[in-house]
Structure formats: C-alpha cells, structure tokens
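Chemist: Protein sequence lines, in the order shown, are assigned to chains A and B. Per this note's numbering, the very first residue in the first sequence carries number 63; after that it's consecutive. Per this note's numbering, the very first residue in the second sequence carries number 2; after that it's consecutive. Glycine included, C-beta positions come from ideal geometry on N, C-alpha and C. None of these values were measured; they are calculated from a predicted model.
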Amino acid sequence: MTMDSSTLTHNVSSLGTSAIELRDVTKRFLTPSGQVYTAIRDITFSIAPGEFCAVVGPTGCGKSTTLGLIAGLERPSEGSVQVMGKPVQGIDPRIGYVFQTDAVLPWRNVLRNVATGPLFRGQPKAESLKRAHEWIARVGLTGFEDRYPHQLSGGMRKRVALAQTFINEPQILLMDEPFSALDVQTRTLMEDELLYLWASLKISVVFVTHDLEEAISLADRVCVLTAGPGTVKGIYSIDLPRPRKVEEIRFDPRFVQLYQQIWEDLREEVMISYERTKQRG
Amino acid sequence: MSALSNEGNEQTTTAPEGKEVKLYSAARRRRSILVNVLRVAFIVVIIGGWELGTRWVTDAHTKPKPTTLIDPFFWGQPSGIWQQLVTWVTQGTAQGPLWEQIAVTLEEAILGFVIGVVLGIIFGVVLGRNRFLADVLGPYIKALNSIPRVTLAPLFAIGLGLGSQSKVALAVVLVFFIVFFNSFQGVREVDRNLLANARILGASQRQLTTQVIIPSALTWIIASLHTSFSFALVGAVVGEYIGAIQGIGLMIQTAGANFNANGVFAAMFILAVVALLSEALITALENRLLRWRPTPVGDVTI
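1. Do Thr292 (chain A) and Gly124 (chain A) have their CB atoms nearer than 9 Å?
2. Which residues in the same chain have their Cβ closer than 6 Å to the Cβ of Gly264 (chain B), if we skip the five residues on either side of it in sequence?
3. Please look up how many angstroms separate the CB atoms of Trp89 (chain B) and Ala245 (chain B), rounded, as I've assumed it's under 8 Å.
4. Given a threshold of 16 other Cβ atoms within 10 Å of its Cβ, counted over all protein chains shown, does Ser76 (chain A) qualify as buried or as exposed?
5. Can you give me the Cβ contacts of Pro111 (chain A) inside the same chain, cut-off strictly under 6 Å, excluding the 5 residues immediately before and after it?
6. 9 Å is my cut-off, CB to CB: does Asn198 (chain B) come that close to chain A?
7. Between Arg183 (chain A) and chain B, is any beta-carbon pair separated by less than 9 Å?
8. Quick check: Asn183 (chain B) and Gly121 (chain B), are their CB atoms within less than 9 Å of each other?
9. Between Phe161 (chain A) and chain B, is any beta-carbon pair separated by less than 9 Å?
10. Give the straight-line distance between the Cα atoms of Ser262 (chain A) and Tyr298 (chain A), rounded to the nearest whole angstrom.
11. Within 9 Å of any Cβ in chain A, is that where the Cβ of Asn261 (chain B) sits?
12. Quick one: which residues of the stretch 166-198 of chain A get their C-beta closer than 9 Å to a C-beta of chain B? List them in chain order.
13. Check whether the Cβ atoms of Val117 (chain A) and Ala277 (chain A) lie closer than 9 Å to each other.
14. Given a limit of 8 Å on CB to CB distance, which residues of the stretch 75-105 of chain A reach chain B?
15. Looking at the structure shown, is Tyr159 (chain A) part of a helix, part of a strand, or coil, going by DSSP?
16. Please decide whether Asn194 (chain B) counts as near chain A, where near means a Cβ-Cβ distance under 9 Å.
17. Please work out which residues of its chain come closer than 6 Å, Cβ to Cβ, to Ser229 (chain B), disregarding the five sequence neighbours upstream and downstream, and give them in chain order.
18. So, does the CB of Asp164 (chain A) fall closer than 9 Å to a CB anywhere in chain B?
19. Going by CA-CA distance only, name the one from B:Gly117, B:Arg193, B:Asn198, B:Val46 that's closest to Arg130 (chain B).
20. Tell me whether Asp245 (chain A) is buried or exposed, calling it buried when 16 or more other Cβ atoms sit within 10 Å of its Cβ.
21. Are there three or more Cβ pairs, one per stretch, closer than 8 Å when the stretch 281-290 of chain A is compared with the stretch 307-317 of chain A?
22. Give the single residue among A:Met218, A:Gly290, A:Val176, A:Leu302 whose Cα lies nearest to the Cα of Thr121 (chain A).
23. Can you check whether the CB of Pro295 (chain B) is closer than 9 Å to the CB of Gln323 (chain A)?
24. Is there at least one Cβ from chain B nearer than 9 Å to His272 (chain A)'s Cβ?
25. Closest to Trp76 (chain B) by C-alpha separation, out of B:Ala262, B:Leu277, B:Arg292, B:Ala276, would be which residue?
26. Counting contacts by CB-CB distance shorter than 9 Å, is Pro155 (chain A) in contact with chain B?
27. State the Cα-Cα distance for the pair Leu302 (chain A) and Thr220 (chain B), rounded to the nearest angstrom.
28. By DSSP, does Leu42 (chain A) sit in helix, in strand, or in coil?
29. How is the alpha helix (DSSP H) around Val119 (chain B) delimited, first residue to last?
30. For the structure I just gave you, are there three or more beta carbon pairs, one from the stretch 157-175 of chain B and one from the stretch 91-110 of chain A, closer than 8 Å?
31. In chain A, which residues lie with their C-beta within 7 Å of the C-beta of Ala204 (chain B)?
32. What are the partner residues of Ile105 (chain A), as DSSP defines its beta bridges?
33. Under 9 Å between beta-carbons, which chain B residues line up against Leu320 (chain A)? List them in chain order, please.
34. Which full runs of the alpha helix (DSSP H) of 4+ residues lie inside the stretch 140-225 of chain B, going along the chain?
35. Val87 (chain A) to Thr79 (chain A), Cα distance in whole Å?
36. For a cutoff of 9 Å on Cβ pairs, would you count Pro295 (chain B) as touching chain A?
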C-alpha cells in the first residue's frame, strides 16, 4: 500500500480543543449467550470544530457503536471519549444524532415532531412551535405541518428528522448512515442540503456510511475502519474544493484518484468481513 | 433547499381517468349490494330454519304434544324469543323493568373495565420499564394468570356480598391481566431507535415514559380493550349468575331455573346487542387515539 504523506494523516495532533476526541477507545459487549464481543478496539481520532469527518468501514465494524459512545448513549470499556475538551458523561445537549432508520415519533405530526426537542428541553410552547415552523421551511416541508410521518415519503421523513435535530442547534452532529434507505436521486439532493446546512451553521459532523463515494463527496476527512473489532486503518484528507455539488464532484479527476486510493484500503477489510459472513452463513 | 418540495404530491384525476374511476366505483357498489343481500339471506335461513324446525311435526301421535324436529321446550323458538323480548320490554322482568337490568349489568361491567384497564396499564408500564421488578414479580403474575378467574366468583360473592361490588371485582380481575400483559409487551417492544432519539433530543425519564413509551404502547393497549370489554361483561354476568338481586345474569339464571329456554336466548340477545354497541364505541375511541396510524391495506371492503 503506497500513499503520499499529504493524504495519510494518522492521529491528527490536537491544536487547541478538538470538538471530539477519542483516545484508545475499546468497547466490549456481553452477548446474550454470555460471550464477550469486542465491537471496537483502540480507536484514536479527533475531529476539529467545524470539520466534516466521514467514517467508512465494512458491515459490523463498530461504526454505530462509535457514534453511540460520542453521543453518550454508551460508555467506553477502555479509553476516553471527550467532547469539547470534557469527558462524555451521559447525553450531551450539544450533540445531535440522525439515525439510519426512522426515529421520528409516528404519532406526532410534522410540526409537533420538529418541535419535540425544544419542548422536551422545557422551552415555551409558542416559541418552540414558531421555531419549528422556521425549520420546516428551511428543509422545504412548508405545507406538510399537519401530516403524520406515515403520510410522507422516505425523503420527507428524513427532512423531518434533520429539522428535528437541527432545531436543537447542535454543535456536533452525528449521522449514522442517514441516507442509506433513500433512492439515489433523493439521496444526492439530501446530501447537497446537508452540505449547505453544515456550511451555514459551522458545526462538526461525524458521518458514518458504508458508501465510499458518499464519504468522499461530503467530508473533509475520511476515516477507514477495519473489519470488526473496528479500529482505525487510515485517515485521509479530502482536498476537493468547496462548495461542492455532490452530483458533479464524483466526475472530478481528483475524486477518482482519492477514491482509488481509499478503496485499496477499504477493499481488504470488506473482503475480510465478507468472508466471515460467508463462514457464519 | 426546496428543490424537492413537490415530492410526494398526489396526482390529480384527469378526464380519461374519471371514467375509469366511475367504472370502479360502480363495481364496488355492486359488490357491496351483493354482500348485504347475502348477509340478510344468511340470517333469514338460520332463523327461518330454526323456526320451521320447531313447527315441523315428525310424529303427530305423541302426548301431550306432537313431536317436532326441534323441540322448542329445550331449544327455544325464534317467535317465542321475540315474545319474551316483547313481554320484558312492555311488562318488565321478574326483577323489575328491563332497562334497569341492563343498566345494572352495564354499570358493573364499565366500572370493572375502567378499574381493570387503569390498573393493567399502570402495572404494565411500571413492570415493562423496570426489568428488575419484572424479574422478581414475573412468576407470581404468571401463577395468578393461570388460575381460571371465573372460579373467584363465589369467593367475591361471599366476601363482597350480593351487590354490585362482587361483580365489579370479578370484571376487574378478568380485565386486568389482559391489559397488563398487552401494555407490558407494548412497553417492551418500543423501538430502541425511537428511545435513543428522544433521549438525545432531550427527553427526561419522565418525558420518555409519558411521551414516547406510553403512546408507542398504546397500539397494543387499545388492541386489548376489545377483548377486555367482552371479558368485563362476562365478569358482570357470571357474578350475577352466582348470586345477585338484579341484572341480566340473574335474568338468565332465573330463566334457566324455570326451564324457559326462550328467556335464556332473549337475555343472550340483549347481551349481544350491548356487547356490539360497546365494541363500536371502543373502535371509535381507537380511531380517535390512533389517528396517526396508516390505514390498513384492504380495509375498504368491510
């Protein structure tokens, strides 16, 4: 495996306070059958404020586990997870999380769903609903305030989830394969919208995906994880110019070059993971 | 941002499609007429056959009465049941006016239903949320549930007397377990992503219970209300049957003791009407509370 030093930047030194910092983080679970399962092992990486970092890796490499640790949904078995220079202790209100599957409340209409965060956090109802209206407009759902989630398309439900997360004004946004269930056209549009929101709000994003193309088109850096137990295999800087148009950037020669380089790394892990699944099956 | 905002808009019907719609709705109307005609025909055949059977003389020489295919003395007779209903409505029952009997039974059933449902939901949610408590109490709840609860009726009659309390208690016991198991399961089955999302959005434990877990379990809880209400009625009627001063259960008991088969059937008919009406009320409640649910596919035919 050959690569120039400009693209491979292992263990980025922390200049100032990182938005997120994971140091030698290991997470083990006890399976129902009583065995110990190591989801991730010795993961070390940090994300600067305002940075867009994509995490790619084969199925079952602990991508979601990593996000869960940052969000404070889980505790690490070893190592430390820091957010804004402080160790994570429980759920941090500065963090937003967009899930892979639908996590909007099916019994609330769009307006009430978007207003959920502020209402949970004890803001006055009128104020919450007013801000919800603003966010519904920002994600292009004006006119759908009274609809229930099941009456919307997958893409529209994702917009609700985005508005629901962004209304809390997170400084760190964690996204777990958020667009994987969408069709290709909708997905590209959503990716563009995400980049637009990210650029205007200047937040840090950790975007987990199994799609390398998506990772490169969106991120400042791409972090490749090994097959489970996941650990950092390589971190690549994506020096493509911004602002980017997701549907166009993939024809950029530099994009293709980066893709080939990272894919070399990723392919091995995908093969390992694939062989394991075959053996199990 | 709004590049996709027309996504998901329904197509409006245009002229050539309008014709097709007319054709389809005509076919649907014909089908529903056929269904209704067959429904009426079905009940006419059953009741008419029963009535005919009781008048069809198979042996004219038996004493004191000629033998018929169906003996109305044992199995009743639709015209006799109707007579009985008319008598009850116009002259009242042996225990007093008919509406009073219905009111008494209904009151017992509703009271038992409400208490049972509330207790069932509270216990279901608490134990569903608290795994430790559920593990500790689990075997006892299973053991209690395995007792055929109708057998408690004499106990309640002894302990609580012949008034409505003993019937309410029986209805409560019958309803409680159904609602309890459903809400317990409903709480356990709440989507983990939904919980994680709500927690990250800022929900406290209390908000999680009241605004995420209970609404989510409501689908299960409401499904159990349909069966629960019939069980509440069973509780009230069986309680009255064992010992009461008033009520439909007592009417059945009296009719049975007097070899009045028509009376038993007539009381059963009244119960069926009461049960169907309350079922309709619960369905209305269900539709109101679960408005957010997608309409089930194929719901149009019935």
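Modeler: The short version:
1. The displayed chain sequence assigns Gly, not Thr, to residue 292 (chain A). Closer than 9 Å, so yes.
2. Gln85, Ala256
3. No, Trp89 (chain B) and Ala245 (chain B) are not in contact; Cβ-Cβ is about 17 Å, not under 8 Å.
4. Any answer about Ser76 (chain A) is weak, because its pLDDT of 42 lies below 50 and its placement is not dependable; what the coordinates show is given next. Exposed.
5. Ala81, Ser266
6. yes
7. yes
8. yes
9. yes
10. 24 Å
11. no
12. Val166, Leu167, Pro168, Trp169, Arg170, Asn171, Thr178, Gly179, Pro180, Leu181, Phe182, Arg183, Gly184
13. yes
14. none
15. strand
16. yes
17. Val176, Ile179, Val180
18. yes
19. B:Arg193
20. exposed
21. no
22. A:Gly290
23. no
24. no
25. B:Ala262
26. yes
27. 49 Å
28. Shown here, chain A extends from 63 to 343; a query on residue 42 (chain A) therefore has no answer.
29. 99-130
30. no
31. Phe182
32. A:Val87
33. Under the 9 Å cutoff, chain B gives no residues; its nearest Cβ is about 27 Å from Leu320 (chain A).
34. 154-161, 165-189, 193-202
35. 18 Å
36. yes
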